[in-house]
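So the structure is just underneath, and the comments pick up after that.
Number of protein chains: 2
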Amino acid sequence: MNFRSCFRFGLLLPGLLAPGAARAEDGYQLWLRYDRIADEPQRAACATALAQIVLATPVGADSPTLAAARDELTAGLGGLLGIKAAIVIEQSAPDAELGDDGFALRAIEHGFRRGVTINANRDIGVLYGAFALLRRVQTGALWDRLSVVSAPKIHRRLLNHWDDLNGFIERGYAGFSLWDWFQLPDYVAPRCRDYARANASIGINGAVLNSVNANALILTDSYLRKVAALANVFRPYGIRVYLSARFSAPIEIGGLKTADPLDPGVIRWWKDKADAIYGLIPDFGGFLVKANSEGQPGPQDYGRTHAQGANVLADALAPHGGIVMWRAFVYDQNNHDDRVKQAYNEFQPLDGTFRPNVSVQIKNGPLDFQPREPFHPLFGAMPHTPLTLELQITQEYLGGAVHLAFLAPMWKECLEADTFAAGPGSTVARVIDGSVDHHPDSLIAGVANTGTDRNWCGHPLASANWYAFGRLAWDHTLGADAIADEWIRMTFSSDPRVEQPILQMLLSSREAVVNYMTPLGLAHLMATDHHYGPGPWVDNLRADWTPVYYHRADAQGLGFDRTATGSNAVSQYAPPVAQRFADLAACPENLLLWFHHVPWDYRLHSGRTLWDELCLHYQEGVNRVRGWLPPWASLKGLIDDERFDHVQALLVRQEREARGWRDACLLYFQTFSHRPLPPGVERPEHTLAYYQGIQLQFVPGSPGGK
Amino acid sequence: MNFRSCFRFGLLLPGLLAPGAARAEDGYQLWLRYDRIADEPQRAACATALAQIVLATPVGADSPTLAAARDELTAGLGGLLGIKAAIVIEQSAPDAELGDDGFALRAIEHGFRRGVTINANRDIGVLYGAFALLRRVQTGALWDRLSVVSAPKIHRRLLNHWDDLNGFIERGYAGFSLWDWFQLPDYVAPRCRDYARANASIGINGAVLNSVNANALILTDSYLRKVAALANVFRPYGIRVYLSARFSAPIEIGGLKTADPLDPGVIRWWKDKADAIYGLIPDFGGFLVKANSEGQPGPQDYGRTHAQGANVLADALAPHGGIVMWRAFVYDQNNHDDRVKQAYNEFQPLDGTFRPNVSVQIKNGPLDFQPREPFHPLFGAMPHTPLTLELQITQEYLGGAVHLAFLAPMWKECLEADTFAAGPGSTVARVIDGSVDHHPDSLIAGVANTGTDRNWCGHPLASANWYAFGRLAWDHTLGADAIADEWIRMTFSSDPRVEQPILQMLLSSREAVVNYMTPLGLAHLMATDHHYGPGPWVDNLRADWTPVYYHRADAQGLGFDRTATGSNAVSQYAPPVAQRFADLAACPENLLLWFHHVPWDYRLHSGRTLWDELCLHYQEGVNRVRGWLPPWASLKGLIDDERFDHVQALLVRQEREARGWRDACLLYFQTFSHRPLPPGVERPEHTLAYYQGIQLQFVPGSPGGK
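So the protein sequences, as listed, match chains A and B. Using the working numbering, the letters of the first sequence correspond one by one to residues 43 to 748. Using the working numbering, the letters of the second sequence correspond one by one to residues 43 to 748.
Structure (structure tokens):
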């Protein structure tokens with residue numbers, strides 16, 4: 043090679059990657075991003091106001107939890123403000139207003155000293171206060187004479203992990219289990235600590251580590267030692283571990299012949315097991331149990347009631363302060379009554395027969411985490427029993443980790459629903475926070491959407507749901523919009539050019555999904571097993587798992603008659619609610635087809651027929667998703683490329699799949715309605731047979747991983 | 043709260059996490075770490091010598107591959123040296139010495155200009171040269187008048203991924219599959235590009251994406267589009283995609299009644315399928331096939347030979363330049379001949395009957411990736427067929443991602459083994475690189491140890507095996523020690539206080555595992571299915587899957603007689619090799635029990651009896667692992683805490699499990715030898731029954747995930 047000629051033909055190329063260029067933003071930090079605040083006056087003002095942080099508790103002594111608070115403040119204020127705040131621990135008087143977990147943030151203005159005191163009755167309150175303080179800095183929520191008092195309305199704020207021991211997560215869409223059972227207890231990955239940090243930052247204080255479809259092995263000594271290793275890492279962050287217990291464990295790992303809850307050997311086995319657990323994990327939270335539901339063993343196998351089953355476990359845990367959360371998600375294909383009535387029928391009569399340390403855990407709606415359901419009729423109907431509200435953060439029926447669906451508006455709908463159980467104002471929120479029925483304990487659970495994906499939740503915007511669950515568990519009066527706004531500012535940016543488009547997307551997303559999947563009170567039109575795409579035509583399974591069971595389409599109309607002329611499920615609600623739902627004209631239109639079989643030509647409030655309105659709702663869902671594409675595109679360059687590209691790809695897919703939902707459902711329902719698509723509704727791209735022929739396999743989170 | 047009193051009791055605490063403290067080292071960067079060189083004179087010298095980089099090819103035009111080289115050099119030199127090198131592309135004359143993939147690095151010293159020219163015949167050679175240049179900077183391999191020419195000895199250097207479509211990796215110990223089939227093709231995660239980068243950095247140029255236990259779905263249009271999306275990301279890095287093909291795919295996804303390779307419909311189906319694949323992936327590499335092996339379908343189902351099966355696929359691929367890699371890993375429980383003889387018996391007679399674009403893929407040894415095996419007798423025995431050497435990077439039989447086992451010494455043992463097929467010097471390496479039999483194509487494959495674990499390979503030191511595979515695939519004459527040294531310097535540090543202890547650990551690790559698992563030529567003593575712990579007593583499976591089949595322990599002695607008095611497997615080797623193996627005195631002692639049933643009191647070269655030597659080898663394995671603990675502890679503070687802690691935890695476990703292997707195996711063999719443990723061997727901690735009672739479940743990588 044001749045250098046002279048080489049250089050003659052040479053082309054000088056700029057380096058594309060500047061050394062030390064901005065680090066890639068891969069979502070791992072979640073909302074705990076502590077990048078330097080760009081606005082210099084704001085940064086300087088914060089830095090001055092936070093020169094000193096006082097951590098004040100009645101004990102006034104250091105602890106692992108206070109160390110965690112200090113570490114977080116040091117990292118957070120160092121990153122956000124570029125300061126090394128002076129952090130001191132002090133003793134303070136107890137403050138009843140703060141309860142066990144609450145905190146007060148108060149400005150220190152004392153001569154030249156400026157700072158903030160974080161006051162709490164327990165160390166964990168200080169940690170919550172530290173995160174709250176950082177959140178204010180992150181979101182630009184500036185203050186004069188800061189004075190904030192905050193205490194959670196619900197005592198136990200839990201994540202439920204549906205994780206199997208082989209790493210698979212049932213209905214998990216963001217990779218695999220965070221618990222590496224094979225490495226435990228020898229090694230606990232640093233990510234487990236970050237999991238606890240993230241939870242603590244939003245006030246979550248417990249986690250059920252394994253799936254409700256439980257493997258009894260988790261209760262063996264070998265696994266309990268693994269659980270204990272996780273508990274040790276979680277403890278400074280106030281996260282207690284709970285386990286799903288398999289009711290037949292006394293047989294499977296105990297060598298007994300029966301799991302009959304009235305058998306003395308079984309009673310003793312559970313007592314011994316509880317003692318062993320607390321020997322390893324002194325602050326163990328308790329058991330979650332799915333019994334006599336979808337094939338799981340339970341007390342009914344022995345002719346006993348759910349209460350008899352729950353009470354044996356509760357008695358074993360009670361001496362140690364543990365609790366039982368007993369799921370009400372039961373239904374039986376051999377019971378020919380309306381599936382959505384069965385949990386009420388089974389559990390309502392048992393009210394008052396559970397031990398005080400048993401809570402009955404109830405999904406938000408009576409079916410199964412649909413995009414929209416009415417609230418579950420058991421809320422308000424079991425005044426003598428603490429009830430746990432079970433929400434699903436993971437999007438089993440709302441597009442997995444592919445579709446954007448910010449769920450806080452859905453949860454607020456449930457929390458604010460008025461049961462009228464003790465007169466007007468007996469909202470679901472007030473039932474579960476214990477204020478309606480004056481229960482000392484109160485619980486809320488969210489089925490987690492976390493996994494080993496680097497960004498934790500799969501979709502880069504899906505951690506908004508984890509965040510929102512924690513924030514609502516702490517304070518169910520917060521608005522969905524306020525929560526979304528906090529999350530966006532912490533996770534992306536406070537720049538209104540970023541914050542506003544994302545806010546509009548988040549807040550419109552759940553209704554978009556309802557519209558293109560199951561509008562007007564439809565439910566469970568999803569394909570079999572994976573629940574990912576449309577399958578309204580499916581009729582070849584046990585009846586209560588088929589879409590045709592739920593939509594009841596026929597030549598006359600559409601919807602499930604749950605009034606007195608039908609299954610009379612409305613009767614399970616308090617009279618004011620029941621009357622409203624039962625009245626075709628008064629029933630909220632977004633639940634119309636849940637409660638009524640409605641003629642195709644019935645006129646809705648809009649003046650349009652049911653058929654036309656149905657079509658237009660499906661189209662509206664598509665239009666909404668399509669409408670997110672330009673605002674998202676406008677974020678190019680305003681946010682990091684990695685998250686931008688990922689969301690962009692997902693939105694393109696979501697729009698395509700929303701069209702698929704619309705076309706598949708409308709073509710199918712059209713075989714009953716025999717009516718044309720109204721103006722404004724796009725023609726289907728394919729035939730009904732095409733959509734019916736789609737067989738998805740290996741959809742993440744499907745039972746059995748198939 | 044009274045501030046005055048508060049401050050009186052206050053304790054000023056230092057911030058524990060300095061803002062902007064050194065970033066955590068989580069292993070994601072592998073050996074491509076570009077942290078600034080600390081030695082300032084060295085850094086300055088490099089910076090001067092690398093002020094300009096010339097990328098010179100006969101085409102002399104930019105391309106995605108040259109852009110990748112530029113990006114890597116810019117990031118690497120920016121990080122390591124803090125410079126922004128001027129990078130130019132030039133035209134140069136072809137250089138036959140460099141071949142398709144080789145490169146030359148030559149210093150530019152031209153007046154005041156200093157720099158390096160990377161010369162290659164194809165753009166990919168420039169990328170390989172860029173990585174080689176960066177490696178020299180990273181490892182401190184300084185130069186005067188740099189002049190390096192390097193070209194790979196083997197053309198196709200492939201990873202084989204045993205990944206299932208549901209994300210599970212068969213024999214995977216580092217998480218789950220890197221291919222997110224459900225997100226593809228819409229979204230290709232950035233990690234896929236980093237996978238390609240890492241491979242390119244060590245010269246790997248192909249990847250079989252799915253398990254040899256293949257699902258036919260991978261060949262459907264829907265999955266091929268996903269494969270194409272990955273291929274597009276891999277292409278600039280020179281990585282071609284290959285797929286494992288299920289032999290019965292014409293039935294399962296083609297709707298045919300047969301997969302008989304002589305059926306005209308089947309022949310046409312494979313042709314059409316190949317055409318469709320190349321329509322989507324113009325540089326598709328070809329098929330890997332596991333046929334008539336461990337339950338997989340194959341040509342023998344129709345009375346056809348392996349060659350007849352392979353040739354149909356080969357004919358379909360040939361017009362597009364694709365190849366077939368047909369695995370020789372076949373054995374049949376109904377064949378009562380020695381399992382290790384069956385592949386030779388099946389395949390050797392077929393030599394010369396395969397199409398030119400078929401390679402027979404053969405594991406290093408005749409059994410199955412044991413800690414030590416003799417080389418496979420097919421090497422050298424099929425001179426008319428290109429042979430692929432299949433190595434296993436993932437540690438199926440060497441402790442998964444828990445045990446440290448640096449495999450380069452094992453692979454070197456195989457590569458350097460002399461088959462004597464064409465006289466002395468006919469090493470396995472020269473058989474597979476084509477030089478013995480003058481094949482135009484040459485291939486090597488490694489079963490990958492990668493997964494979704496953040497550090498890619500589970501054990502923080504396990505990426506040394508990925509690295510070593512690539513380096514040996516490029517140049518099988520490299521020493522294991524030199525490769526280990528490169529890897530340590532790039533992945534950890536060139537500080538001799540770090541480099542030396544890790545080097546000693548790596549180089550002694552494989553023999554340690556041999557000693558505590560299967561010393562003196564023993565094999566396959568692992569427990570059932572997961573192959574993780576000891577199970578020498580297992581005898582309740584099909585015979586050729588049981589340890590008792592392999593060790594043949596009895597009152598007289600131990601080992602499998604494969605001489606003429608036994609299975610005569612030695613006869614499959616060329617006479618000089620066969621004679622050596624067959625001669626009890628001449629047989630290498632580290633393969634003694636592979637070839638001979640040896641009396642317990644037989645005296646080895648040491649003068650000790652077989653029994654005593656066996657015990658002492660087991661003890662030596664334990665001692666070796668135990669001996670790593672102090673040197674590793676000495677690294678505290680010299681390397682990052684995250685990797686330090688993780689390896690520390692793993693070494694503690696490995697030492698414990700090495701003791702378990704020793705105790706279980708010696709207690710079991712003692713039931714035959716009836717001899718005491720010799721001095722120097724520690725007493726077993728538990729009884730034989732204790733070890734026999736251990737039932738591991740949910741071991742990563744186990745078939746079925748159980």
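For each residue, glycine too, the CB sits at the ideal point set by N, CA and C. Quick caveat, the model's predicted, so the values are computed rather than measured.
Examine the Cβ distances between the segment 139–157 of chain A and the segment 257–271 of chain A and report whether three or more of them are shorter than 8 Å.
-> no
Mind listing the chain A neighbours of B/Arg277? Cutoff is C-beta to C-beta under 7 Å, in chain order.
-> On the second sequence, residue 277 of chain B is found 235 positions in, with the first residue counted as 1. None at all; the shortest Cβ gap to chain A is about 18 Å.
At a Cβ cut of 9 Å, what residues of the segment 480–506 of chain A count as close to chain B, listed as they run along the chain?
-> Thr494, Asp495, Arg496, Gly500
Can you name, in chain order, every residue of its own chain whose Cβ lies under 6 Å from the Cβ of A/Ala98, other than the five neighbours on each side?
-> In the first sequence, counting from the first residue as 1, residue 98 of chain A sits at position 56. Closer than 6 Å at the Cβ level, and outside the excluded window around A/Ala98, lie Glu132, Ser134, Thr159, Asn161.
Residue nearest to B/Val723 in terms of C-alpha spacing, selected from B/Glu553, B/Ala569, B/Arg701 | Locating residue 723 of chain B in the second sequence gives position 681, counting from the first residue. For the residues B/Glu553, B/Ala569, B/Arg701, the minimum Cα distance to B/Val723 belongs to B/Arg701.
Any beta-carbon of chain A closer than 8 Å to the one on B/Asp228?
-> In the second sequence, counting from the first residue as 1, residue 228 of chain B sits at position 186. Closer than 8 Å: yes.
Test item: CB-CB of B/Asp523 and B/Leu503 under 8 Å | Residue numbering aside, residue 523 of chain B sits at position 481 when the second sequence is read from its first letter. Residue numbering aside, residue 503 of chain B sits at position 461 when the second sequence is read from its first letter. In this structure, B/Leu503 does not lie closer than 8 Å to B/Asp523 by Cβ.
Candidates A/Asn163, A/Pro324, A/Gly351, A/Gln598: closest to A/Asp305 by CA position | What you label residue 305 of chain A is simply residue 263 of the first sequence in a count that begins at 1. Cα-wise, what sits closest to A/Asp305 is A/Gly351.
Give a yes or no on whether 8 Å exceeds the smallest Cβ distance from A/Val179 to chain B.
-> Mapped onto the first sequence, residue 179 of chain A falls at position 137. Answer no: the Cβ-Cβ gap between A/Val179 and chain B never drops below 8 Å.
Any chance you could list the alpha helix (DSSP H) runs of at least 4 consecutive residues sitting entirely within the segment 492–556 of chain A, in chain order?
-> 505–516, 522–533
Excluding five sequence neighbours on each side, which residues of the same chain lie with their C-beta closer than 6 Å to the C-beta of A/Ala64?
-> To locate residue 64 of chain A, count along the first sequence from 1; it is residue 22. With a pLDDT of 36 at A/Ala64, under the threshold of 50, the predicted position of this residue should be treated as unreliable, though the coordinate-derived value follows. Closer than 6 Å at Cβ, skipping near neighbours: no residue.
With a 10 Å radius around its C-beta and 16 neighbouring C-beta atoms as the bar for buried, classify A/Gly735 as buried or exposed.
-> Numbered from 1 along the first sequence, position 693 holds the residue referred to as residue 735 of chain A. Burial call: exposed.
For B/Ala356, does the three-state DSSP call read helix, strand or coil?
-> Indexing the second sequence from 1 puts residue 356 of chain B at position 314. Helix at B/Ala356.
Can at least three beta-carbon pairs, one atom from the segment 709–721 of chain B and one from the segment 161–180 of chain B, be found at a separation below 8 Å?
-> no
In angstroms with no decimal places, state the Cα-to-Cα distance between A/Ser192 and A/Leu626.
-> Taking the first residue of the first sequence as position 1, residue 192 of chain A is located at position 150. Taking the first residue of the first sequence as position 1, residue 626 of chain A is located at position 584. Cα to Cα, A/Ser192 sits roughly 43 Å from A/Leu626.
Would you mind telling me which residues of chain A sit closer than 8 Å to B/Leu692, beta carbon to beta carbon, in chain order?
-> Against the second sequence, residue 692 of chain B aligns to sequence position 650. Under the 8 Å cutoff, chain A gives Asp228, Tyr229.
Name the residue from A/Gly124, A/Pro136, A/Gly121, A/Ser648 whose alpha carbon lies nearest to the alpha carbon of A/Gly102.
-> Numbered from 1 along the first sequence, position 60 holds the residue referred to as residue 102 of chain A. Among A/Gly124, A/Pro136, A/Gly121, A/Ser648, the Cα nearest to that of A/Gly102 is on A/Pro136.
By how many angstroms is the C-alpha of B/Ala360 removed from the C-alpha of B/His518?
-> As a first step, residue 518 of chain B is located in the second sequence; it is residue number 476 there, counting from the start. As a first step, residue 360 of chain B is located in the second sequence; it is residue number 318 there, counting from the start. One C-alpha to the other measures close to 29 Å.
Residues bridged to A/Arg645 (per DSSP) | Here residue 645 of chain A refers to the residue found at position 603 of the first sequence. Answer is A/Thr651.
Excluding the five sequence neighbours on either side, which residues of its own chain have a C-beta within less than 7 Å of the C-beta of B/Ala216, listed in chain order?
-> For this step, residue 216 of chain B is matched to residue 174 along the second sequence. Within the same chain, B/Ala216 has close Cβ partners Ala443, Asn491, Thr492, Gly493, Asp495, Trp498, Cys499, Gly500.
For A/Leu692: DSSP bridge partner residues | Counting from one through the first sequence, the residue named residue 692 of chain A turns up at place 650. A/Leu692 pairs with nothing; no bridge assigned.
For A/Leu370, the three-state DSSP class (helix, strand or coil) = One-based indexing of the first sequence puts residue 370 of chain A at position 328. The residue asked about is misnamed: residue 370 of chain A is Ala in this sequence, not Leu. Note: A/Ala370 maps to coil in three-state DSSP.
Check the DSSP bridge columns for A/Gln94 and list the partner residues they point to.
-> One-based indexing of the first sequence puts residue 94 of chain A at position 52. Bridge partners of A/Gln94: A/Ala128, A/Gly157.
Under the three-state DSSP convention, the category A/Phe714 falls into = Counting from 1 along the first sequence, the entry for residue 714 of chain A is found at position 672. In the structure shown, A/Phe714 sits in a helix (DSSP, three-state: H, G or I).
Answer yes or no: does any C-beta atom of chain B fall closer than 8 Å to that of A/Arg191?
-> Looking up residue 191 of chain A in the first sequence gives position 149. The amino acid occupying residue 191 of chain A in the given sequence is Val; Arg does not appear at that position. It does not; no Cβ of chain B falls within 8 Å.
Closer than 8 Å by beta-carbon distance: list the chain B residues that pair up with A/Trp223, in chain order.
-> If you number the first sequence from 1, residue 223 of chain A lands on position 181. Phe740, listed in chain order.
Per DSSP, the bridge partner or partners of A/His152 = Here residue 152 of chain A corresponds to residue number 110 of the first sequence, with the count starting at 1. A/Arg155.
Start and end residues, alpha helix (DSSP H) containing B/Leu322 | One-based indexing of the second sequence puts residue 322 of chain B at position 280. 306–322 is the extent of the alpha helix (DSSP H) around B/Leu322.
Starting from B/Phe389, follow the alpha helix (DSSP H) in both directions and report where the run begins and ends.
-> Here residue 389 of chain B corresponds to residue number 347 of the second sequence, with the count starting at 1. Counting along the chain, the alpha helix (DSSP H) containing B/Phe389 begins and ends at 381–389.
Name the chain A residues that come within less than 7 Å of B/Arg695, Cβ to Cβ?
-> Looking up residue 695 of chain B in the second sequence gives position 653. Near B/Arg695 (Cβ distances below 7 Å), the residues of chain A are Asp228.
Rounded C-alpha distance that separates A/Ile474 from A/Asp374 = Counting from 1 along the first sequence, the entry for residue 474 of chain A is found at position 432. Counting from 1 along the first sequence, the entry for residue 374 of chain A is found at position 332. Going from the Cα of A/Ile474 to the Cα of A/Asp374 covers about 26 Å.
So, does the CB of B/Phe686 fall closer than 8 Å to a CB anywhere in chain A?
-> As a first step, residue 686 of chain B must be located in the second sequence, where it is residue number 644. False, the Cβ-Cβ gap to chain A never drops below 8 Å.
Leaving out five residues on either side along the sequence, give the residues of the same chain with a beta carbon under 8 Å from the beta carbon of B/Ala93.
-> Here residue 93 of chain B refers to the residue found at position 51 when the second sequence is read from its first residue. Once the five neighbours on either side are set aside, the close Cβ partners of B/Ala93 are Ile125, Ala127, Ala128, Arg155, Arg156, Gly157.
Using a C-beta cutoff of 8 Å, does B/Gly217 count as contacting chain A?
-> Within the second sequence, the letter at position 175 stands for residue 217 of chain B. Answer yes: the Cβ-Cβ gap between B/Gly217 and chain A drops below 8 Å somewhere.
Same chain, Cβ closer than 7 Å to B/Tyr710, neighbours up to 5 away in sequence not counted | As a position in the second sequence, residue 710 of chain B is number 668, starting the count at 1. Within the same chain, B/Tyr710 has close Cβ partners Pro578, Trp579, Leu730.
Using 8 Å as the limit for Cβ to Cβ distance, is B/Pro232 near chain A?
-> Translated into the one-based positions of the second sequence, residue 232 of chain B becomes position 190. Yes, B/Pro232 lies at the interface with chain A (some Cβ there is under 8 Å from its Cβ).
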